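Participant:
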Amino acid sequence: MHWRDILTIGLNHHLLYCDRSADPEAHCESLLRILADQRLEAVDLWIPDRPDIAEREIQACLKSGKQIIYNVGSRQGKPSPVPASLDPDEQAYAIAFYLDELSRANAVRAVKIVTNSGPDNPAQRAEALAA
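In terms of our numbering, the sequence shown has 96 at position 1, counting the first letter as 1, and numbering is strictly consecutive.
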């Protein structure tokens, strides 16, 4: 068996270009370059919520033919989502945050989604799991 039969070659856009995350135009420019790279089969990425940029990036993802792994996490300028929070306002914010991000993941037909549950809360773990 050859390694190409079991492995997919890809990269994480926002870690490679972390300096571009605050500037939607720069984010778009670097993402479009990565999506055009024929050596890559998969890209781990996220899409800004600015509509004009989002549409350009979504179309580029769809045209690329690559496997898209959508990364939901903290976004610069926004509070981090804490879906396991026991605070109803934080839970509501997290749900709205995730629904917004997942709409873009769906638009690019992501094959996987990577996310986090927020900070650990050992003192209230049982309550957090029940929530």
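Note that the Cβ used here is the ideal one computed from N, Cα and C, for glycine as well.
Here the structure is a predicted model, which is why all the values come from computation and not from measurement.
Extract the residue ranges of the alpha helix (DSSP H) inside the region 131-204, only unbroken runs of 4 or more that lie entirely within it.
Facilitator: 146-159, 183-202
Participant: Our contact map puts V203 next to D139 with C-beta atoms below 8 Å; I'd like the distance itself, whole angstroms only.
Facilitator: That belief does not hold up - the Cβ atoms of V203 and D139 are roughly 12 Å apart, past 8 Å.
Participant: Is DSSP giving L126 helix, strand or coil here?
Facilitator: L126 sits in a helix when the DSSP states are folded into three classes.
Participant: Answer with buried or exposed for S180, where buried requires no fewer than 16 other C-beta atoms within 10 angstroms of its C-beta.
Facilitator: It counts as buried.
Participant: For C123, count the other beta carbons within 10 Å of its own beta carbon; 16 or more makes it buried, fewer makes it exposed. Which is it?
Facilitator: So C123 counts as buried.
Participant: Which first and last residues belong to the alpha helix (DSSP H) in which L110 is found?
Facilitator: 108-111
Participant: Could you check the C-alpha separation between N216 and L197 for me, to the nearest Å?
Facilitator: 25 Å
Participant: Quick one: measure Cβ to Cβ for I142 and I153, integer angstroms, because I've assumed they're closer than 8 Å.
Facilitator: That belief holds up - the Cβ atoms of I142 and I153 are roughly 7 Å apart, short of 8 Å.
Participant: Can you list, in chain order, the residues of its chain whose CB lies under 7 Å from that of D144, leaving out five sequence neighbours each side?
Facilitator: D195
Participant: Can you tell me whether S159 is buried or exposed, with buried defined as 16 or more other CB within 10 angstroms of its CB?
Facilitator: By the 10 Å Cβ count, S159 comes out buried.
Participant: How about Y193 and P176: are their beta carbons less than 8 Å apart?
Facilitator: yes
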